Each structure stands twice: as C-alpha cells, then as structure tokens.
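According to my numbering, the sequence shown is numbered sequentially starting from 1. For reference, the structure discussed in these notes is given below.
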Amino acid sequence: MLLCKPSLLTLPQLRTSTSTPRNPKRSLSIITTNSTTPTQRRRTMSAFEARISLVFALASQASSLSQRRKFLADTATEVVKYVFPKRFESRTLEEALMAVPDLETVNFKVLSRGDLYEIREVEPYFVAETTMPGRAGFDFNGASQSFNVLAEYLFGKNTTKETMEMTTPVFTRKTQSDGEKMEMTTPVITKREDQDKWKMSFVMPSKYGANLPLPKDSSVTIREVPRKIIAVVAFSGFVTDEEVKQRESKLREALKNDAQFQIKERGSVEIAQYNPPFTLPFQRRNEIALEVEKKEK
C-alpha cells in the first residue's frame, strides 16, 4: 500500500527504497519501519494541552477575522468619502456641478460673497512641505515626485511610524522670489520661491495640532501657517499654467473695485485642487486664491 502511494513517503524513505531495488521485500520492510517510527515516538497530547491549543487557534483565527473586517470597514469608509462627496455653496451652474471628497479640509468662514469671487478668513493650520523639481507649478513629473515624498511621510515615514489621514484640497502656490510664507488649505500647497523652484505642501490633520511626528526624509519640513484672508474663485476642469495666469489676472482686476479689501502687498497666488485624478472634468473643483487685507479707512 505504501509503495502504491509515493506521496506518503518522505524524501529519505524514497532514497532508501531506491538503494535496494533488487530486494523488494527488504525495501518494503525498510519503508514500513521508517514510516512507523515517528508514530511510535510521538507523545500523546493530554486533554488539557488540547484545550489550550484549541483556545490559541481560535484566538488566532478571531484576531485574523477581526483584522480583515477592520481592513474592509476602513476601505469601505474611505470609498464612501469619494463615492458620496460633499458640495460647497454655489453661485453658478458650473460650481453647482462640482463635488469634493468628504475629507477634512482647512477651516474658514466666508466674510463676503459677490458675483465674481468670495472673501474667506482661513484658520491657522500645519503643513508638511518639500521643494519641487521643475520650472512649472503643474509639471506632472515634478508634482508626482513631490507628492510621493509627502505621501510617504503621511503614511508612516516619520519618527513615530504614524499613519495619518489624507485631507483636501491640494494647493499649488506661487510666491515672490524672496517669499517664505506658508499659508492656505489642505494637503498639497505648491509654493514658488524663485524662477526655478516651487514648494508643495500637505495640510496636516487638525487633531495633531503642533504635536506632529517628525519626517525621516530631510527634504520634508513642518511649518505652521498663520491665519489669513483670501479672495477665491472656483472653476472646474484640469489646471494648466496658462489658465492660472489668465484667472489670476481677472481676479486681480476684479479686486481693484472691492470696497472693503485690497490685494496684500507681495501677496501670493495659490491653486486648490480638491479631487482625485479619476474625477470627471466638469465635477472637479479647483480654486484660485489671492491673499488680501482690509482697506484702511
């Protein structure tokens, strides 16, 4: 029977059987002896030990099921944030069609709202930032590299191996050549320091406050953004450098006629992008913002 089922033989047994091919009876005897020896030497498990073993097995299985359920629950929760997005108050049909993921964003209050733009007061927040390669704020390769560096910090490449939640929107920021300010909402802000460099920033979840883990990558720094007032215009579609120039020019022109606010000296322009890449163009919410201040009376 054992010879008919080689799958039951161990490797040493197979070698023993092939070493004596001319004496089948002896081969059978050797194989039978080898296969029964482990059984004869095996110690019988007591009833107590069997119960303990079963408890550990069930605990391990329960733990595994719990982890799988938690993973599925967390995944479902994240998917819902994108499948059932939230909307901002809209002034136009274009803005009414826009939707943003239900993720944490920077807190702000609307001070005034007109036909062309709205004025917001933005609460302070913290960001993680890194310098972007490339000469354009919307260069795909440069933006991708910077995003990955910041995402690694957010998802555990930090001193406490903390995994933090994503926020929204992504900000691309352009400043004067000597500008070092960091202001505005959510996970990614891109800041231009000179003609060749931009900075991308992730807004950190508010629950950490100033107690954020330090990044392990030296190219990532943590910065607190102070309270500020901005003028904002929303638009849909995909963002390009040329479109940013045109919209910035129109916003600057419109703000010249504002009775309460004026563009802050050396104020920076920044673009907020709220949606993941797979969002349809007409559903994407982008915002262009300029920092402003109250006019002196």
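Just so it is clear, CB atoms sit at the ideal spot from N, CA and C, and this is done for glycine as well. Model, not experiment: these values are computed from the prediction.
Residue i versus residue j - alpha carbon distance
{"i": "D115", "j": "A254", "result": "10 Å"}
{"i": "F235", "j": "I222", "result": "30 Å"}
{"i": "T185", "j": "L150", "result": "Residue placement at T185 is poorly supported in this model, since its pLDDT is 44, which falls under 50; the coordinates are not used for a value here."}
{"i": "V233", "j": "S206", "result": "25 Å"}
{"i": "M98", "j": "F238", "result": "13 Å"}
{"i": "N130", "j": "I288", "result": "According to the sequence shown, residue 130 is Thr rather than Asn. Distance between the alpha carbons of T130 and I288 is about 21 Å."}
{"i": "L280", "j": "L93", "result": "16 Å"}
{"i": "G209", "j": "V203", "result": "11 Å"}
{"i": "Q283", "j": "E89", "result": "14 Å"}
{"i": "K250", "j": "A96", "result": "21 Å"}
{"i": "N275", "j": "R285", "result": "7 Å"}
{"i": "K299", "j": "E121", "result": "Only positions 1 to 297 of the chain appear in this structure, which leaves residue 299 out of reach."}
{"i": "V106", "j": "T168", "result": "8 Å"}
{"i": "V320", "j": "A128", "result": "The displayed coordinates of the chain run from 1 to 297. Any statement about residue 320 would go beyond what the structure contains."}
{"i": "P277", "j": "S144", "result": "12 Å"}
{"i": "R173", "j": "T159", "result": "28 Å"}
Closest Cα partner of residue i within the set the options
{"i": "F126", "options": "I230, V225, Q260", "result": "V225"}
{"i": "E123", "options": "F261, E243, I229, N275", "result": "I229"}
{"i": "Y153", "options": "E95, S201, V170", "result": "S201"}
{"i": "K161", "options": "P213, F140, F138", "result": "P213"}
{"i": "S219", "options": "S146, I271, L290", "result": "S146"}
{"i": "Q260", "options": "R173, V106, S112, N107", "result": "S112"}
{"i": "I271", "options": "T105, R247, E118", "result": "R247"}
{"i": "D217", "options": "L290, K297, F155, E293", "result": "F155"}
{"i": "N211", "options": "E242, T240, K256, M164", "result": "M164"}
{"i": "A231", "options": "N257, P133, D241", "result": "N257"}
Start-to-end residues for the alpha helix (DSSP H) that takes in residue i
{"i": "E243", "result": "241-255"}
{"i": "E94", "result": "93-97"}
{"i": "F140", "result": "140-154"}
Element boundaries [beta strand (DSSP E), containing residue i]
{"i": "A289", "result": "286-294"}
{"i": "A128", "result": "125-132"}
{"i": "S201", "result": "198-203"}
{"i": "T159", "result": "Here T159 belongs to no beta strand (DSSP E), and DSSP marks it neither H nor E."}
{"i": "F261", "result": "261-263"}
{"i": "V269", "result": "269-273"}
{"i": "T221", "result": "221-225"}
Counterpart residues of residue i in DSSP-defined beta bridges
{"i": "R120", "result": "V110, I230"}
{"i": "E104", "result": "T167"}
{"i": "R173", "result": "K199, E270"}
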